[in-house]
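Q: At position 10 of the sequence shown (counting the first as 1) the number is 10 in full-length UniProt numbering, and the numbers step up by one without a gap.
Beta carbons are placed, not taken as given, at the ideal position from N, Cα and C, and that holds for glycine.
Can you keep this structure in mind? I'll have questions shortly.
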Amino acid sequence: MKWNSFIKTFLLTLCLTLPFNVSAGAMVNINTAPADMLVEMLQGIGPAKAQAIVDYREANGPFKTVDDLAKVKGIGSSTVTKNLEVIAVDDSQ
């Protein structure tokens, strides 16, 4: 009976943590992602800020570094810091 309880606990833990593990490796390229993907992938980015990112890169060219994202009006360094693990500026990241 103890073994059965262990398996139930293990499976419950696995089910609860699996979504976090799967999304942990996901990256978003801020030079190519459409606005809706930016909203979905980045913390603190709603539709207006996502569109501002797209507009900025269309007007100024691609972002060279992740920190360049803070140049977009309405996006500060704290937003960039919150999203460092998921932001890419080229396809090799």
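Measure the alpha-carbon distance for residue 90 versus residue 33 and round it to whole angstroms.
A: So the alpha carbons of these two residues sit roughly 11 Å apart.
Q: Which ranges would you report for the alpha helix (DSSP H) in the region 43-73 if only whole runs of at least 4 residues count?
A: 47-60
Q: For residue 50 versus residue 35, is the C-beta spacing smaller than 8 Å?
A: yes
Q: When we look at the beta-carbon of residue 27 and count the other beta-carbons within 10 Å, is it buried (16 or more) or exposed?
A: exposed
Q: What does a CB cutoff of less than 7 Å around residue 37 pick up in its chain, not counting 5 residues either side in sequence?
A: 28
Q: On a CA-only basis, which of 45, 31 and 85 is nearest residue 73? Give me that one, please.
A: From the listed residues 45, 31 and 85, the smallest Cα separation to residue 73 is found for 45.
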